[in-house]
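A quick write-up on the structure given underneath.
Residue numbers (my numbering): 1267 to 1946.
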C-alpha cells in the first residue's frame, strides 16, 4: 500500500487531496479547485474606481490540486469525494477521454456540488463576455514570462509555486456540457449505503458533520480495512453529527483533517511573539491545553469527552455576535454583504438574522442572489437523513426543515438568480442584507455590491476565515466599509484528535507531518503512527500475511470432518474454487463434483514406533523392532521396523520412510498409519 499526499489544501473551500494505491487499485481522494488563487486576477466591475495594477486582467484559469497534473488519469480506478468542495475539479478529469475511473459521492454532496459548479460557470461567463473566450489549450498570454514578471512576488508564487512546478496546475474552466458528463459518471450513495467496486472494495459513507452530505469513508477489502477520515465536526446545528463510531477498529486510518495546522502555526507565532502578545492570548491557550484527556481514560469517558457540546455552544455565541453586528449596521443605515461560502453556515446565519430582526421589529429586506439559490434552498428541505436530529424532528411535526421557506412566503426573503434582473430592481431597497457569491471577491454578484458599498462606513462585509482579506480588497482604492472576519469550526479541534484516535483504536494511523507537534504530548498511544507529507510517497507495511475466507453453503454440506487425536477439533478435506465477492474471499464448489472418499487420505504428524507396531500386528502383519539407528540427514534417533521379509519402516521425529515392493503390504501399512496418525 502507498499513499501520496498531492496537496494539503487550505481550509473548507480547498480540502486536502491524496492518491492511494490499495489492493492493486489506485484511488484518488478528493478533486478540489484552489479558488483562493483567483485573487491574482482583477475583478470585473462597472466602477472605474478600482486599482487593477499588479493583477492579471484576463479570463481566469483555475488551479487544481498541486500535483494532480503529474499523474496519468487513465491509471486512476476510483475517486472518492467527501464534500461538495472536493468535487469542483472533477469535470477537469472526466472531460479527458482517457479517464475511466468510478466516482463515488453521497447524493447530497453530488447535488450540492452540481449547484456549486453551475454557479461557478455562470459567474465565469461574465469574464468571457468582458474579455472574450481564450481558445488557447496550452498557456494563455498571461502565463508568459514578461507578463508574470509584472506580478508581485506573492502573486508569482500563487501562479508558479516555489520552483515553477505549479504552472501545470492551471486549466481553463469546464463547460456546462462537461459538468453534465461528469455527473453521469458519479455513483450517488445514500447514508451508509454499501457500494462494491470490482468485487474487491466495499465502500460506505458515514457523516463527517462538516456540512450537509459531507462524509468519511470506510473501505473494506479482503486483506485489510481502511478508513479515510476527512475534515469532520463532532456536532453541527445543521448537518447530522459526526458518525465516528462507525469508523472503529480499522486496520489503517488516514487522518486528513488539516484544520488544526492553523492552530499550531498560531501557537508557534505566539511563542515567538512579544510578551504582550503572550499575555493577551494566554488564557485561551491554557483552557485548550488543560482539557486534553489522557490515554488512560476509560472508553466511556473518552466518548463523553468527544460528545460534549462545547463546540456548538461556542458556535452559537459566534453566530449571536455576528448577527448583532449585522443588525447594528442596518440600524445605522448601512447594508450588509455576506459572500456565500459554506452552505450550512449560510442557512444558520439566515435563520438567526431573521429571528433577531423579528424580535426587534425591524423590517429589513434580505436578498439571496445566485443562479442556483432557488434550487439549493429547495433541496435543503428534501434531504432529512443528512440533517441533525433537531431538523429531523421538525419533519415529523410537519414543519419546514429550515426557516427560509416561511421567510420567502412572508416576502422577507427575496431570491433572485441575477443581480441586474428587472424583478430584483423592483424589489430592491436599502439598507438591506445580501447573501451573494463569490467568497473570493473576484467574480459574481459580490463584486458589484462591493463596488457600490466599499466607500460607505456604515456598510458591513462578512468574510469567512480562509481568504486573505487584505489581498481580496486590494483592488478597491478606498475601503471604508467595516470588515468582519469570522472563524467557524472548520474541523476536529487539536485537543480532540488523539482522544478520537484512541476511541477508534486503529492499528496504524497515517498522520500529517505538519501535525507531528501534537504527538509529543501523547505518552501512551495505543496505535502505530506513520507521517506523510506533500509530494512524497509513503509506503505502508502489510499488517497481516493471512486472509479470511468463507465457504459456500453447498460446499459446507459436502464436508466430512474427522476428529483429530491430539486436539479437541475436527478437520475436513475439500476441493473448491476460490473467488472474490464483495471484498471477501469465497470458496465455492467446482463445476464438476468430486467424490472425496475416493481420494487417498493425507496424513501428518510424527509416528510413535510402539503404536505402529501394535497397529501392524492388528492387521495380521508379522513385524518387530530391529534397532535404533542415527538418522542419515539429521542427528535424531530413528527406529527401524522389519515387516516380515517384504518391507522395512524407518521412522523418527521428522520423517517416516517405508520401503516395500509389495502393493498389498504397502496398503496395509498405510491403513495402520492412518489409524494412529492425524489425517484427512
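All C-beta atoms, glycine included, are put in the ideal place defined by N, C-alpha and C.
- Where residue 1421 is concerned, the enclosing alpha helix (DSSP H) starts and stops at 1419-1426.
- Positions of the alpha helix (DSSP H) runs, each at least 4 residues long and wholly inside the region 1662-1695, are given as 1670-1675 and 1688-1693 in order along the chain.
- With respect to residue 1853, residue 1825 sits apart: the two C-beta atoms are not nearer than 8 Å.
- Taking 8 Å as the cut-off, the Cβ atoms of residue 1439 and residue 1399 do not count as close.
- Comparing C-alpha distances from residue 1678 to each of 1476, 1520, 1488 and 1632 shows the shortest one belongs to 1632.
- Looking at the DSSP output, residue 1854 bridges to 1843.
- Residue 1284 carries a strand assignment under DSSP once its states are collapsed to helix, strand and coil.
- The way I'd put it, the region 1447-1462 does touch the region 1349-1363; three or more beta-carbon pairs between them come closer than 8 Å.
- DSSP, read as helix, strand or coil, puts residue 1740 in coil.
- Annotation for residue 1487: 1288, 1289, 1466, 1467, 1468 and 1849 place their beta carbon closer than 8 Å to its own, counting only its chain and skipping 5 residues before and after.
- Within the same chain, Cβ atoms closer than 6 Å to the Cβ of residue 1507 are found at 1475 and 1501, the five residues on either side in sequence being excluded.
- Under the DSSP assignment, residue 1483 falls outside any alpha helix (DSSP H), being part of the beta strand (DSSP E) whose first and last residues are 1481-1486.
- For residue 1280, the CB contacts under 6 Å within the same chain, skipping 5 residues up- and downstream, are 1298 and 1300 in chain order.
- Judged by DSSP in its simplified three-state form, residue 1794 adopts strand.
- DSSP places residue 1491 in the strand class (E or B) of the three-state scheme.
- Residue 1395 counts as exposed, since fewer than 16 other beta carbons sit within 10 angstroms of its beta carbon.
- Per DSSP, residue 1605 lies in no alpha helix (DSSP H); the unbroken beta strand (DSSP E) holding it starts and ends at 1602-1605.
- With respect to residue 1789, residue 1521 sits apart: the two C-beta atoms are not nearer than 8 Å.
- Nearest Cα to residue 1369 within the set 1384, 1699 and 1352: 1352.
- Residue 1327 sits in coil when the DSSP states are folded into three classes, being neither helix nor strand.
- Within the model, the alpha-carbon separation for residue 1938 versus residue 1843 is close to 33 Å.
- In the structure shown, the three-state DSSP call for residue 1337 is coil.
- Residue 1268 sits in a strand when the DSSP states are folded into three classes.
- Note that the C-beta distance between residue 1724 and residue 1586 is not below 8 Å.
- Looking from the CA of residue 1756, the closest CA among 1607, 1334 and 1881 belongs to 1607.
- The count of Cβ pairs closer than 8 Å, one atom from the region 1479-1486 and one from the region 1402-1412, stays below three, leaving the stretches out of contact.
- In the structure shown, the three-state DSSP call for residue 1848 is coil.
- In the same chain as residue 1651, and ignoring 5 residues on each side of it, the C-beta atoms closer than 6 Å to its own belong to 1457, in chain order.
- Contact annotation: the region 1416-1434 touches the region 1307-1323, with at least three C-beta pairs closer than 8 Å.
- Around the Cβ of residue 1703, a 10 Å sphere holds 16 or more other Cβ atoms; the residue is buried.
- In the three-state reduction of the DSSP assignment, residue 1470 falls in the strand class, which pools E and B.
- Take the alpha-carbon of residue 1699 and the one of residue 1715: they are about 11 Å apart.
- Of the other Cβ atoms in all chains shown, fewer than 16 fall within 10 Å of the Cβ of residue 1662; this residue is therefore exposed.
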